[in-house]
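Peer 1:
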Amino acid sequence: METSVSFSHNMDDEYEKFIRRMNPPRVVIDNESCKNATVVQVDSANKHGILLEVVQVLTDLNLTITKAYISSDGGWFMDVFNVTDNDGNKITDEGIVDYIHKASCVNLTRVCFQSLGPESCSASPIRRSVGVKSTIDHTSIELIGSDRPGLLSEVSAVLTHLKCNVVNAEVWTHNTRAAAVMQVTDEQTGGAITDPERLTMVKRLLCNVLKGSNQLREAKTVVAHGVTHTERRLHQMMFDDRDYERMTDDSLDEKERPNVNVVNWHGRDYSVVTIRCKDRPKLLFDIICTLTDMQYVVFHGNVDTDGPDAYQEYCIKHVDGSPVKSDAERQRVIQCLEAAIERRVSEGLKLELCTTDRVGLLSDVTRIFRENSLTVTRAEVTTRAGKAVNTFYVRDASGYPVDPKIIDSIRQTIGPILHVKGCPEELNQESPTRFLFGGLFKSRSFCNFGLVRSYS
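If you're matching positions, the sequence shown starts at 3 in our numbering and goes up one per residue.
(1) Using a threshold of 9 Å, state whether the C-beta atoms of Phe538 and Leu54 are closer than that.
(2) With distances taken Cα to Cα, identify the nearest neighbour of Cys279 among Asp271, Tyr272, Ile289 and Arg270.
(3) Helix, strand or coil, according to DSSP, for Thr66 in the structure here?
(4) Cα separation between Leu351 and Val361?
(5) Would Trp174 and Met80 be called neighbours here (beta carbons separated by less than 9 Å)?
(6) Can you grab the Cα-Cα spacing for the pair Asp149 / Asp243, in whole Å?
(7) Considering Ala341, what are the terminal residues of the beta strand (DSSP E) in which it resides?
(8) Looking at the structure shown, is Lys319 part of a helix, part of a strand, or coil, going by DSSP?
(9) Less than 9 Å between the C-beta atoms of Ala341 and Tyr246, yes or no?
(10) Near Asp32, which residues of its chain fall below 6 Å by C-beta distance, leaving aside the five closest residues on each side in sequence?
(11) When you compare the CB of Arg372 with every CB in chain C, is at least one pair closer than 9 Å?
(12) The alpha helix (DSSP H) that contains Leu212, what's its start and end?
(13) Pull up the CB-CB distance for Pro325 and Asn263, whole angstroms please, since I reckon it's below 8 Å.
(14) Do His268 and Val299 have their beta-carbon atoms positioned less than 9 Å apart in this structure?
(15) Between which two residues does the alpha helix (DSSP H) containing Ile290 stretch?
(16) Helix, strand or coil for Ser73, going by three-state DSSP, please let me know.
(17) Please determine, among Asp405, Ile408, Gly401 and Thr276, the residue with the shortest C-alpha to C-alpha distance to Ile318.
(18) Going by DSSP, which residues form a beta bridge with Arg278?
(19) At what residue ranges does the stretch 165-192 contain a whole run of the beta strand (DSSP E), taking only runs of 3 or more?
(20) Can you have a look at Pro403 and say buried or exposed, based on whether 16 or more other CB atoms are within 10 angstroms of its CB?
(21) Note the first and the last residue of the continuous beta strand (DSSP E) segment covering Asp45.
(22) Given that a residue counts as buried once 16 or more other Cβ atoms are within 10 Å of its Cβ, and exposed if not, what is Asn109?
(23) Taking the alpha-carbon of Arg270 as reference, which of Val186, Phe301 and Ile98 has the nearest alpha-carbon?
(24) Is the stretch 61-68 touching the stretch 88-96, taking contact as three or more C-beta pairs under 8 Å?
(25) For the structure I just gave you, are there three or more beta carbon pairs, one from the stretch 380-393 and one from the stretch 195-214, closer than 8 Å?
(26) For the alpha helix (DSSP H) containing Ile370, name the first residue and the last one.
(27) Pull the bridge partners of Tyr298 from the DSSP assignment, please.
(28) Going by alpha carbons, who is nearest to Val169 out of Val335, Ile143 and Lys49?
(29) Please report the residue range of the beta strand (DSSP E) in which Ala381 lies.
(30) Between Gly309 and Arg346, what straight-line distance do the alpha-carbon atoms span, to the nearest angstrom?
(31) Determine the closest residue to Glu258 out of Val274, Leu236, Glu344 and Leu339, with distance taken between C-alpha atoms.
(32) In its own chain, which residues sit with a C-beta less than 6 Å from the C-beta of Glu432, not counting the 5 before and 5 after it?
(33) Pop quiz: Thr292 and Leu353 are said to be a contact at Cβ under 8 Å. What is the actual Cβ separation, rounded to whole angstroms?
(34) Going by beta-carbon coordinates alone, are Ser375 and Ala390 separated by less than 9 Å?
(35) Is the beta carbon of Arg372 closer than 9 Å to that of Gly147?
(36) Within 10 angstroms of the Cβ of Lys284, are there 16 or more other Cβ atoms? Answer buried if so, exposed if not.
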């Protein structure tokens, strides 16, 4: 009697998991071998998304990656990063060093032991327009629509009217499109909004605001399934919205446009991506995030960001093992990487606000911008221990440089607590004009409002 033995795909999966358990991720942090930077070396079994997890840990700590070497052939990958803090110094804080080590190991282990197969590499489905997801602490709202002057003011006004407080938010605009991920709480309870009818009302009214008068790109209302890293989610939302497709009135000067090139390596099954552009914080994250979500794997890479410019080179393949197959695919990769770089570039003035949080704070501030013909191109809103720390990048709604008289008008409205930094001489901090409405904002706990020029 013959006995047949069959091996299932599940047995192969278990064997691969066993190999990974025998070779757990290893993170080494070295402050001795490099004179000007802390060296972070990461070794792990290779899987799609591993590189992004490591870069995400470093950029979330606001560390600057000055150099990087990436290698991931043969089922194993090794990354080496030279990192510094915002002041260009080595990382000596033991708490940060310990966090880098633990967070990297935990994230890498999680990715390595996700269910195997190409379908597990894909992100959760991308949804358009307005998505709502509730947790215990807050309700997350995702928005995507056509950009226009005053849009953030209108959105925040609707939320204030519905007794919602914006505790955290990130807003990006690019190529006539706007995307936002907002975390809001109930004004009465301070927690998430749980009433289904109220959530429906929030989505409906925000959709009306996003739709505006634009009949060509209709706004939709959907519930977001799953929550990802905020900045990665913004990349996903804008990519899904095809913001990389160039508009004829693109305002970015050709000289400032990133130089992205993609060629196939003859004799090897790789495509080589080279990127030259002005360096800025989180540039590496934006590139790796986009390549990962486009289902490309980085096998080798070199990053050098010494000086004002950055140079990056990657050998990539699609997850199916093929290099870039056609000129159309090559152009799409170039366009998507250009868009990923440009989304975080903010021309104009950077305004910073630090004050005691309250319901309606974001609505009041953005209303003042709108009434003074300023439009918000990017915004970051955070709340910690009752304090709101908000950053806005603004420009004149007509596309011209911001008039100093407009800044003076804003200062009259907000009061003498307005601080101006890094601006032309005519925008000095002391103004001879009276602050007509200073008492109103002082009573509402404005404690600091900084204004600096930023092209980062």
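All residues carry an ideal CB built from backbone N, CA and C; glycine is no exception.
From a predicted model like this one, the values you see are computed outputs, not experimental measurements.
Peer 2: In terms of the structure at hand:
(1) Outside the shown range of the chain, which is 3 to 458, sits residue 538, and nothing can be said about it.
(2) Closest option to Cys279, Cα to Cα, is Ile289.
(3) In the structure shown, Thr66 sits in a strand (DSSP, three-state: E or B).
(4) Going by the C-alpha atoms only, they are around 25 Å apart.
(5) No, the pair does not count as a contact, with Cβ atoms beyond the cut-off.
(6) Using only the alpha carbons, I get a separation of about 13 Å.
(7) No beta strand (DSSP E) holds Ala341; the alpha helix (DSSP H) holding it covers Asp329 to Glu344.
(8) It is a strand residue.
(9) Closer than 9 Å, so yes.
(10) Counting only residues of its own chain and dropping the five nearest sequence neighbours on each side, Asp32 has a CB closer than 6 Å to the CB of Val41.
(11) Absent from the structure is chain C; it holds one protein chain and no more.
(12) Leu212: member of the alpha helix (DSSP H) spanning Pro198 to Lys213, first to last residue.
(13) No, Pro325 and Asn263 are not in contact; Cβ-Cβ is about 14 Å, not under 8 Å.
(14) Not closer than 9 Å, so no.
(15) Looking at the DSSP string, the run of the alpha helix (DSSP H) that includes Ile290 is Leu285 to Asp295.
(16) In the three-state reduction of the DSSP assignment, Ser73 falls in the strand class, which pools E and B.
(17) Measuring from the Cα of Ile318, the nearest candidate turns out to be Thr276.
(18) For Arg278, which the question treats as bridged, DSSP gives the partners Asn261 and Tyr313.
(19) With a minimum length of 3 residues, the continuous beta strand (DSSP E) runs that stay inside the stretch 165-192 are 166-176 and 179-188.
(20) Exposed, because fewer than 16 other Cβ atoms sit within 10 Å of the Cβ of Pro403.
(21) The continuous beta strand (DSSP E) containing Asp45 extends over residues Thr40 to Ala47.
(22) Burial of Asn109 is indicated by the presence of at least 16 other C-beta atoms within 10 angstroms of its C-beta.
(23) Residue Phe301 is the option with its Cα nearest to Arg270.
(24) Contact holds between the stretch 61-68 and the stretch 88-96, because three or more Cβ pairs, one in each stretch, are under 8 Å apart.
(25) Counting Cβ pairs under 8 Å, fewer than three are found: no touch.
(26) DSSP places Ile370 inside the alpha helix (DSSP H), whose first and last residues are Leu363 to Glu373.
(27) Its beta-bridge partners are His320.
(28) Taking only the C-alpha atoms, the option nearest Val169 is Ile143.
(29) Start and end: Leu376 to Arg386.
(30) Straight-line measurement puts the Cα of Arg346 at about 19 Å from the Cα of Gly309.
(31) Residue Glu344 is the option with its Cα nearest to Glu258.
(32) The pLDDT assigned to Glu432 is 45, lower than 50, so where the model puts this residue is not dependable, and the model offers no usable value.
(33) Taking a contact as a CB-CB distance under 8 Å, the pair Thr292 and Leu353 does not count as one, their CB atoms being some 28 Å apart.
(34) Going by C-beta atoms, Ser375 is not nearer than 9 Å to Ala390.
(35) Result no, Cβ atoms of Gly147 and Arg372 do not sit closer than 9 Å.
(36) Buried is the call here.
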